[in-house]
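A.B. asks: Got a structure for you, written out below as structure tokens; questions coming shortly.
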Amino acid sequence: MVAAPNPPGPAVRAVVSRVLGAVRMVRRRRRNRRLGLPDMDPYAIFADIVAGRAPSSKVYEDDDVLAFMDIRPMTPGHLLVIPKVPARSLAELDPVIGGKLFQVAQRLAAALRESEVRCDGVNLFLADGVTAGQEVFHVHLHVIPRTPGDGFGLRNRATTPPRADLDYLAASIRGAAGRAQPNAASGPDGK
Ligand code: AMP
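Quick note on numbering: the working numbering labels position 82 of the sequence shown as 93, and the sequence is numbered without any gaps.
Right under this line is the structure:
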């Protein structure tokens, strides 16, 4: 009998993540060229927006948080809520500011429902790391207005693992949560 191959280790996963990131960057550049959009630096564009060096359509601003229209909305009214202080990943984000991002997103979700945007529901979405689909490396919370049949959604089919598997992973995550440093520096692939 042939033994099942071991799953790839963290080093291999990090390399795969970087390769995927590079492929996405090339695709993004091509797409921007095709759409006639300026080629944005995925590490600096949101800092440029905060500093007023790049244009944005703002909907909310305070000392810590800025919210503006997504330039390529998933649905009409799609917003991004960002910290003014740059943080490439969740691990780099001050948890107090993280809490404020959610508060602003909550308020804007309510505003979307009251505005002229068609909005029967709202999804909040955050991509942390290349593998999760992050393309701009300045933490941002997507606020996505939803209407029936708009086509937006998570595509994966849910699985039904046994309770023992859930308990095992819960114990592992509980242990890690006890040790985690929420504000530790990490790269865009979350490593
Ligand atoms: P993510 O894949 O979660 O990193 O999402 C990045 C989001 O930033 C995408 O939805 C882009 O459309 C959006 N985006 C990129 N550049 C800009 C910009 N200059 N102004 C507004 N939204 C932007």
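C-beta: ideal position from N, C-alpha, C; glycine also.
Are three or more beta carbon pairs between the segment 171-181 and the segment 150-157 nearer than 8 Å?
C.D. replies: Not touching, per the Cβ criterion.
A.B. asks: With distances taken Cα to Cα, identify the nearest neighbour of Ile93 among Gly20, Val61, Ala191.
C.D. replies: Counted from its first residue, the sequence shown places residue 93 at position 82. It is Val61 whose Cα lies nearest to the Cα of Ile93.
A.B. asks: Is the beta carbon of Arg166 within less than 7 Å of some heavy atom of ligand 1?
C.D. replies: Along the sequence shown, one-based indexing puts residue 166 at 155. Checking the Cβ of Arg166 against ligand 1 gives no.
A.B. asks: Using three-state DSSP, classify Gly186 as helix, strand or coil.
C.D. replies: On the sequence shown, position 175 is the one that residue 186 refers to. DSSP places Gly186 in helix when its eight states are reduced to three.
A.B. asks: Which runs of the beta strand (DSSP E) at least 3 residues long sit entirely within the segment 44-126? Give them in chain order.
C.D. replies: The segment 44-126 contains these whole beta strand (DSSP E) runs: 69-72, 76-80, 90-94.
A.B. asks: Just to confirm my understanding: we take Gly88, look at its own chain, exclude 5 residues before and 5 after, and list those with CB closer than 6 Å. What are they?
C.D. replies: The sequence position of residue 88 within the sequence shown is 77, counting from 1. Counting only Cβ-Cβ distances below 6 Å, and skipping sequence neighbours, we find Leu123, Val128, Pro156.
A.B. asks: Can you tell which of His151, Ala175, Asp161 has the C-alpha that lies nearest to the C-alpha of Leu101?
C.D. replies: Reading the sequence shown from its first residue, position 90 is the one you call residue 101. Taking only the C-alpha atoms, the option nearest Leu101 is His151.
A.B. asks: Is the beta carbon of Glu125 within less than 7 Å of some heavy atom of ligand 1?
C.D. replies: Residue numbering aside, residue 125 sits at position 114 when the sequence shown is read from its first letter. False, no ligand heavy atom lies under 7 Å from that Cβ.
A.B. asks: Buried or exposed: Ala22, going by 16 or more other Cβ atoms within 10 Å of its Cβ?
C.D. replies: Start at 1 with the first residue of the sequence shown, and residue 22 comes out as number 11. So Ala22 ends up on the exposed side.
A.B. asks: Would you say the beta carbon of Met36 is closer than 7 Å to some non-hydrogen atom of ligand 1?
C.D. replies: Mapped onto the sequence shown, residue 36 falls at position 25. Result no, Cβ not under 7 Å from ligand 1.
A.B. asks: Per DSSP, what kind of secondary structure is Arg157 in: helix, strand or coil?
C.D. replies: As a working note, residue 157 is residue 146 in the sequence shown. It is a strand residue.
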